[in-house]
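J.: The structure that follows is given in the form of C-alpha cells.
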Amino acid sequence: MKSKSTALILSILLGSLGIDRFYLGYTGLGVLKLITVGGFGIWWLVDLIKIATGSMKDAQGNALE
Numbered sequence: 000m001k002s003k004s005t006a007l008i009l010s011i012l013l014g015s016l017g018i019d020r021f022y023l024g025y026t027g028l029g030v031l032k033l034i035t036v037g038g039f040g041i042w043w044l045v046d047l048i049k050i051a052t053g054s055m056k057d058a059q060g061n062a063l064e
C-alpha cells in the first residue's frame, strides 16, 4: 500500500518532475510528466488535487492510505 501523505508531499515538492507518478507505479506517465514539466503545470495541479481529495489510486488500483 502506498501512503497518501508521502504521495502528497512528493506531488507538492517534485510533482512537476513526475516523481509522484513514479512513486505510485505509473512509470510511463511519470516520464511524460517529467518531459512536459508537469504538463506545463496543469497536470501537476490536477494530480495534486486528486491526491489531496483521495481520488488517486496506485497503478494496481489500490486506494492510497
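Residue numbers (numbering that gives the first Met the number 0): 0 to 64. Backbone N, C-alpha and C define an ideal beta-carbon position, used for all residues, glycine too.
#1: Would you mind sorting M0 into buried or exposed? The rule is 16 or more other CB atoms within 10 Å of its CB.
#2: So if DSSP puts K56 in a beta bridge, which residue, or which two residues, is it bridged to?
#3: Alpha carbon to alpha carbon, how far is G27 from S4?
#4: What did DSSP end up calling S2 once you bin it into helix, strand or coil?
#5: Pop quiz: L9 and A58 are said to be a contact at Cβ under 8 Å. What is the actual Cβ separation, rounded to whole angstroms?
T.: Judging by the given coordinates:
#1: In the sequence shown, counting from the first residue as 1, residue 0 sits at position 1. Under this definition M0 is an exposed residue.
#2: Walking along the sequence shown from the start, residue 56 turns up at place 57. Looking at the DSSP output, K56 shares a beta bridge with A62.
#3: On the sequence shown, position 28 is the one that residue 27 refers to. On the sequence shown, position 5 is the one that residue 4 refers to. Across the structure, G27 and S4 are spaced so that their CA atoms are roughly 22 Å apart.
#4: The residue labelled residue 2 in the question sits at position 3 within the sequence shown. Correct three-state label for S2: coil.
#5: Within the sequence shown, the letter at position 10 stands for residue 9. Within the sequence shown, the letter at position 59 stands for residue 58. Approximately 15 Å separates the beta-carbon atoms of L9 and A58; this is outside 8 Å, ruling out the contact.
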